[in-house]
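So the sequence lines, in the order shown, correspond to chains A and B. Here the working numbering is used: the first residue of the first sequence is 1, the next is one more, and so on. Here the working numbering is used: the first residue of the second sequence is 191, the next is one more, and so on. Even glycine gets a Cβ: it sits at the ideal position worked out from N, Cα and C. Here the structure comes first, spelled out in structure tokens, and everything after it is commentary.
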Amino acid sequence: MAISERNAAEALRDVRDVQRRTLLAKGYGLASPHLALSGVIWAAGYVATGLTPPETWPYFWLPLALAGALGSFALSVRATRAVPGDPAARVAPASRMLWMIGASGTFIVSTLLLFQPKDIVPALAFPAIFLAYIYVLVGAMGASRYLWIGTGIFAVTALGLILMPQAIAFWVAAAGGGGLLAGALWMRKP
Amino acid sequence: MTENSAQPNDLIHQALRLKIMAALSAAREDGPLEFNRLKALTGATDGNLSTHLSTLENAGYLGIDKDFVGKKPRTRVAISKAGLAAFREHMRYLREIIEASET
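This is the structure:
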């Protein structure tokens, strides 16, 4: 069989493309349960925020954030259990997940403390905007589904700020929680 | 032009079979790929994918496992050691063609 240079280049390009999409699909599959967990915690937290006075918020947000971080850590450890190799190396991705959650939470809380917003509405919408920003950044690096999820969360949150600022907590519960849960289902698709 | 040290593989070089082997080689550490995922990754139709999977299975390049999840049939495909070796050899052959053309 004689394969021309052009034919070889096309074949190698096809192989690279399929392998990239295979690894991306694997990444989506691994991310799906994390998005579902985040969506449930997000929706529960914001619904509770809408129903209770501000002074009670730390009492449920702190346990929810802790549950989310530990849940994500457990999901990451479970996902790498089947991978052969050093057990310590298998915990590394789970540890990175904890660092990312911690850094994101710290950034959001620090920003709110630093700028001390007088109006509660933008303060409640800010975490959703930040989440959307992170997802769009990840999506721009090649994982396009994150781009759409982030754009969707941003668009719905912005719409809530304009149309229903008085019910922003419930709106963000639906935009962030719903967006993450819908994203989790989408990530499971082939 | 220099001689290739690797050998071409006619069976693998067919466009869809090459994509199947590429997907299975990338996914090998995570276990078998489900038929529907493989279909989405390669852009093949059901019938076309089945035909080429059979060809590769007959060559010993992959294993096909059929079972049920509840009442739903499930087909999973995994690359074999022989398949991975053959795919790598063919990749090496293709790269050598490109390298030879560049020198």
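Can you confirm whether residue i, when its beta carbon is compared against all beta carbons of chain A, has any partner nearer than 7 Å?
i	result
residue 274 (chain B)	no
residue 220 (chain B)	yes
residue 254 (chain B)	no
residue 270 (chain B)	no
residue 287 (chain B)	yes
residue 207 (chain B)	no
residue 234 (chain B)	no
residue 191 (chain B)	Note on residue 191 (chain B): pLDDT 49, under 50, position unreliable in the model; no value is reported.
residue 226 (chain B)	yes
residue 201 (chain B)	no
residue 196 (chain B)	no
residue 249 (chain B)	no
With a threshold of 7 Å between beta carbons, is residue i in contact with chain B?
i	result
residue 91 (chain A)	no
residue 12 (chain A)	yes
residue 195 (chain A)	The structure shown does not extend to residue 195 (chain A), since chain A is modelled only from 1 through 190, so no value can be given for it.
residue 94 (chain A)	no
residue 184 (chain A)	no
residue 6 (chain A)	no
residue 172 (chain A)	no
residue 15 (chain A)	yes
List, in order along the chain, the chain B residues whose C-beta lies closer than 9 Å to that of residue i?
i	result
residue 190 (chain A)	224, 226, 227, 228, 229, 230 and 231
So which residues on chain B does residue i lean against when the C-beta distance must stay under 8 Å?
i	result
residue 3 (chain A)	198, 203, 283, 284 and 287
How would you list, in chain order, the residues of chain A whose beta-carbon sits under 7 Å from the beta-carbon of residue i?
i	result
residue 291 (chain B)	5
Name the chain B residues whose beta carbon is nearer than 7 Å to that of residue i?
i	result
residue 9 (chain A)	288
Have a look at the DSSP bridge pairing and note the partners of residue i.
i	result
residue 223 (chain B)	B:267
residue 255 (chain B)	B:266
Item checked: Proximal residues, the segment 17-41 of chain A versus chain B, C-beta separation under 7 Å -> 18, 19, 21, 22, 23, 25 and 26
Margin query: If contact is defined by three or more beta carbon pairs under 8 Å, each pair taking one atom from either stretch, is the segment 230-242 of chain B in contact with the segment 194-203 of chain B?
Written below: no
Notebook entry, point to check: Taking one C-beta from the segment 140-151 of chain A and one from the segment 23-38 of chain A each time, how about it: are there three or more such pairs within less than 8 Å?
Noted result: yes
Notebook entry, point to check: What are the residues of the segment 133-145 of chain A that lie near chain B, defined by any Cβ-Cβ distance shorter than 9 Å?
Noted result: none
Margin query: Can you confirm whether the segment 115-135 of chain A touches the segment 152-172 of chain A when touching is taken to mean that 3 or more C-beta pairs between the two stretches lie within less than 8 Å?
Written below: yes
Next item on the list: Could you say if the segment 261-270 of chain B and the segment 210-223 of chain B meet the contact criterion of at least three C-beta pairs nearer than 8 Å?
Entry: yes
Checklist line | Near-chain B residues of the segment 109-125 of chain A (beta-carbon distance less than 8 Å), N- to C-terminal order | finding: none
Notebook entry, point to check: When the Cβ atoms of the segment 10-23 of chain A are set against those of the segment 167-183 of chain A, are three or more pairs found closer than 8 Å?
Noted result: no
Margin query: Assess contact between the segment 223-236 of chain B and the segment 50-69 of chain A, defined as three or more Cβ pairs (one per stretch) separated by less than 8 Å. Is contact present?
Written below: no
Item checked: Cβ contact (3+ pairs, closer than 8 Å) linking the segment 54-64 of chain A and the segment 39-46 of chain A -> yes
Item checked: the segment 4-16 of chain A touching the segment 277-287 of chain B, judged by at least three CB pairs closer than 8 Å -> yes
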